[in-house]
Amino acid sequence: MTLKERDKKHLWHPLTQHKIHPEALPIIKAKGALLYDEDENIYIDGIASWYTAMYGHCNDYILEKVQHQMQQLDQIVFAGFTHEPAIKLSEELIKILPDNQEKIFFSDNGSTANEVGIKMALQYHFNRGEKRNTIIAFEDGFHGDTFGAMSASGLSVYNGPFEDFFINVKRIPTPNFENIDSVIKELQECIATHEVAAFIYEPLVQGANAMHMYEARYLDQILSICKDNTIITIADEVMTGFGKTGKTFASDHIETKPDIISMSKSLTAGFVPMAVTSCTQEIYDAFLDDSIGKAFFHAHTYSANPIACSVALAAIELLESEEIQNSINRITMSHKDFDTKIKNHPKIKRTRQTGVIYALDLDIEMDRYGKKRYEIFDYFMKNGVALRPLGSTVYMLPPYVITQEQLQKVYATIVELLENV
Ligand SMILES: *Cc1c(COP(=O)(O)O)cnc(C)c1O
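Below is the structure:
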């Protein structure tokens, strides 16, 4: 039996209607920006496997560090014990995070990082004797699939069956030049009529919302109103973190710094799952008390797994290297050139870019998970390029190590698609 056939027997894939799409493509190997399937086809990974493998798949430098760590210490309970990889990682993260961040809390994935952020914010108020019960979030934001994170997310395909069970969330539109005044008004009304504990947002780029981009200055206005009302601000940097917007964090583009930052995805470079929620000293201090009741009772078995921490340490070293910083600039400039050539194409409705993230909307109607979307996906794969359109949006978020030649191939494949849709 082929892998494809064996897969169907016992596996249930995420975001998949198995009745319509029974087949998954087995990948047997990955290196750098390339994926290999069992029939010896090669694909350029144009989205770094959901923006994780930014330093290339199976990166040799990270492999070396992980192998060493695996022989030294594999796992230890993080309640009551500690270890150097976690200590060193906390030191390195605090160096590169916005200045107001002081404490590092570990979990397993982007959803749990946000879940932790939301719980920290709720308990921050609770510990100070205030019961605030409402979270503000952007319409169409995405923060993950666990209950708190899902409640804060606004994409209806994900939420439908669960909406009755959500925590309290009020949604405001993402701001732009035209609506900023009314968004501010809505925000202020919401603050006046609800006990608002926190505001959670994806800074500058909303990944799952078809790479929707919005301006730092409008976010700044919203964040400063939150600060004035002791509303805890949670920047979901699960996608935008670690260089993708051209700065280390998207929050580095924004004057008002968040109280809490969640990160995952490229934190561990595609090797293993892990996530971090960082926060200010002020948040941390609200949990200090002579009674145990004010402590943060949240744990995951694999919190701060030493192997995952060693991966993250190696990844940060790579991110700071001249080689990767130059690549980020090179990709950013290439995208700009490509955009100049392509943006007036009659089949394109609109294009946008932040750092290495580039997106274009095709001027054709289609459902997010409709038939046409799958045809376009198949077209890319047949041409050796792994891109996953979000509805009519085609986006690129290539690994930093993608070569110029590989990048040109991705562009050329998109241009050819435009000639044929
Ligand atoms: C992917 C993502 C999440 C969820 O992370 P998981 O690791 O899939 O749970 C949350 N927020 C943003 C912005 C993401 O891109």
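Sequential numbering from -2 applies to the sequence shown in the numbering used here.
Where is the CB? At the ideal position from N, CA and C, for every residue including glycine.
Would you mind working out which of Arg349, Asp142, Lys26 sits nearest Tyr392, comparing C-alpha positions?
Within the sequence shown, residue 392 is the residue found at index 395, counting from 1. Comparing Cα positions, the closest option is Arg349.
Using only alpha-carbon positions, find the residue among Gln405, Arg129, Thr237, Ile59 that is nearest to Val227.
One-based indexing of the sequence shown puts residue 227 at position 230. This sequence places Thr at residue 227; Val is not what is there. The shortest Cα separation from Thr227 among Gln405, Arg129, Thr237, Ile59 belongs to Arg129.
Under the three-state reduction of DSSP, which class applies to Lys254: helix, strand or coil?
Start at 1 with the first residue of the sequence shown, and residue 254 comes out as number 257. Looking at Lys254 - three-state DSSP - the assignment turns out to be coil, as it is neither helix nor strand.
Could you check if Asp364 belongs to the surroundings of ligand 3, using beta carbon to heavy atom distance under 7 Å?
This structure simply doesn't include ligand 3; it includes ligand 1 instead.
Given a cut-off of 8 Å, decide if Ile101 and Val434 are closer than it, judged by their beta-carbon atoms.
This structure gives no information on residue 434, because the portion of the chain shown stretches from -2 to 418.
Asp71: which of Ile132, Cys187, Asn302, Thr(-1) sits nearest, CA to CA?
One-based indexing of the sequence shown puts residue 71 at position 74. Minimum Cα distance to Asp71 is reached at Asn302.
Skipping 5 residues on each side, what residues in its chain have a beta carbon closer than 7 Å to that of Asn156?
In the sequence shown, the residue the question calls residue 156 occupies position 159. Taken in chain order, the residues that qualify are Met147, Ser150.
The alpha helix (DSSP H) spanning Met117 covers which residue range?
Position 120 of the sequence shown, counted from the first residue, corresponds to residue 117. Start and end: 107 to 124.
Alpha carbon to alpha carbon, how far is Val269 from Glu186?
To locate residue 269, count along the sequence shown from 1; it is residue 272. To locate residue 186, count along the sequence shown from 1; it is residue 189. Spanning the two alpha carbons is a distance of roughly 43 Å.
Please report the distance separating the alpha-carbon of Ser324 from that of His297.
Position 327 of the sequence shown, counted from the start, is the residue given in the question as residue 324. Position 300 of the sequence shown, counted from the start, is the residue given in the question as residue 297. Distance between the alpha carbons of Ser324 and His297 is about 35 Å.
Under the criterion of a Cβ to heavy atom distance below 7 Å, does Ala205 qualify as lining ligand 1?
Within the sequence shown, residue 205 is the residue found at index 208, counting from 1. Yes, the beta carbon of Ala205 sits closer than 7 Å to at least one heavy atom of ligand 1.
Is it the case that the CB of Gly145 approaches a heavy atom of ligand 1 more closely than 7 Å?
Stepping through the sequence shown from its first residue, residue 145 is reached at position 148. Flag unset: Cβ of Gly145 not near ligand 1.
Classify Met(-2) as buried or exposed, calling it buried when 16 or more other Cβ atoms lie within 10 Å of its own Cβ.
Translated into the one-based positions of the sequence shown, residue -2 becomes position 1. Met(-2) is exposed by the Cβ-count criterion.
If you draw a straight line from the C-alpha of Leu384 to the C-alpha of Met330, how long is it?
Residue numbering aside, residue 384 sits at position 387 when the sequence shown is read from its first letter. Residue numbering aside, residue 330 sits at position 333 when the sequence shown is read from its first letter. The straight-line gap from Cα to Cα measures roughly 20 Å.
For Leu423, which residues in the same chain have their Cβ closer than 8 Å to its Cβ, ignoring the five residues on either side in sequence?
This structure gives no information on residue 423, because the portion of the chain shown stretches from -2 to 418.
Identify which residue in Ile188, Phe246, Asp334, Ser389 has its Cα closest to the Cα of Tyr95.
As a working note, residue 95 is residue 98 in the sequence shown. Checking the displayed sequence, the identity of residue 95 turns out to be Pro instead of Tyr. The candidate whose alpha carbon is nearest that of Pro95 is Phe246.
Would the region 43 to 58 and the region 282 to 293 be scored as touching if the rule is three or more Cβ pairs under 8 Å?
The region 43 to 58 is not in contact with the region 282 to 293.
Return the first residue and the last residue of the beta strand (DSSP E) that Asp34 is part of.
Along the sequence shown, one-based indexing puts residue 34 at 37. Here the beta strand (DSSP E) through Asp34 covers 31 to 34.
Within the present structure, is the beta-carbon of Phe246 separated from the nearest heavy atom of ligand 1 by less than 7 Å?
Residue mapping note: residue 246 aligns to position 249 of the sequence shown, counting from 1. Phe246: no, Cβ never under 7 Å from ligand 1.
Is Val202 helix, strand or coil by DSSP?
The count along the sequence shown starts at 1 and reaches residue 202 at position 205. Looking at Val202 - three-state DSSP - the assignment turns out to be strand.
Along the chain, where does the beta strand (DSSP E) that runs through Ser275 open and close?
Within the sequence shown, the letter at position 278 stands for residue 275. Its beta strand (DSSP E) spans residues 272 to 276.
Beta-carbon within less than 6 Å of Thr437's beta-carbon, same chain only, minus the 5 sequence neighbours each way: which residues are those?
No statement about residue 437 is possible, as the shown extent of the chain runs from -2 to 418 and does not include it.
Pair every Cβ in the region 260 to 268 with every Cβ in the region 212 to 228, then say whether three or more of these pairs are closer than 8 Å.
The region 260 to 268, when compared against the region 212 to 228, does not touch it at the 8 Å Cβ threshold.
With a threshold of 16 other CB atoms inside 10 Å of the CB of Ile41, please say whether the residue is buried or exposed.
Position 44 of the sequence shown, counted from the first residue, corresponds to residue 41. Answer is buried; the Cβ neighbour count reaches 16.
Among the residues of its own chain, which have a CB less than 6 Å from the CB of Leu316, if the five just before and after it don't count?
The residue you call residue 316 lines up with position 319 of the sequence shown. Cβ neighbours of Leu316 beyond the five flanking positions: Phe239, Gly240.
To the nearest angstrom, how far is the alpha carbon of Ile313 from that of Ile93?
Counting from 1 along the sequence shown, the entry for residue 313 is found at position 316. Counting from 1 along the sequence shown, the entry for residue 93 is found at position 96. Cα to Cα, Ile313 sits roughly 9 Å from Ile93.
Per DSSP, what kind of secondary structure is Tyr40 in: helix, strand or coil?
Residue mapping note: residue 40 aligns to position 43 of the sequence shown, counting from 1. Strand.
Hey, would you say the C-beta of Glu319 is under 7 Å away from at least one heavy atom of ligand 1?
On the sequence shown, position 322 is the one that residue 319 refers to. No, the Cβ of Glu319 stays beyond 7 Å of every heavy atom of ligand 1.
Where do the ends of the alpha helix (DSSP H) carrying Thr265 lie?
The residue labelled residue 265 in the question sits at position 268 within the sequence shown. That residue, Thr265, is in no alpha helix (DSSP H); it is neither H nor E in DSSP.
Evaluate contact between the region 103 to 114 and the region 325 to 345, counting only Cβ atoms and requiring at least three cross-stretch pairs below 8 Å.
No, because fewer than three Cβ pairs between the region 103 to 114 and the region 325 to 345 fall closer than 8 Å, the two stretches do not touch.
Once DSSP output is grouped into helix, strand and coil, what is the label at Met393?
The sequence position of residue 393 within the sequence shown is 396, counting from 1. It is a strand residue.
Any heavy atom of ligand 1 inside 7 Å of the beta-carbon of Asn106?
To locate residue 106, count along the sequence shown from 1; it is residue 109. Yes, ligand 1 has a heavy atom inside 7 Å of this Cβ.
Quick one: what's got a C-beta closer than 6 Å to His122's C-beta in the same chain, skipping five residues either side?
Looking up residue 122 in the sequence shown gives position 125. Result list for His122: Arg129, Ala194, in chain order.
In the DSSP output, which residue or residues are listed as bridge partners for Leu357?
The residue given as residue 357 occupies position 360 in the sequence shown. Note: Leu357 sits in a beta bridge opposite Thr348, Val391.
Using three-state DSSP, classify Arg168 as helix, strand or coil.
Counted from its first residue, the sequence shown places residue 168 at position 171. In this structure, Arg168 counts as strand in the three-state DSSP scheme.
Would you identify the three-state DSSP class for Met363, choosing helix, strand or coil?
The residue given as residue 363 occupies position 366 in the sequence shown. In this structure, Met363 counts as coil in the three-state DSSP scheme.
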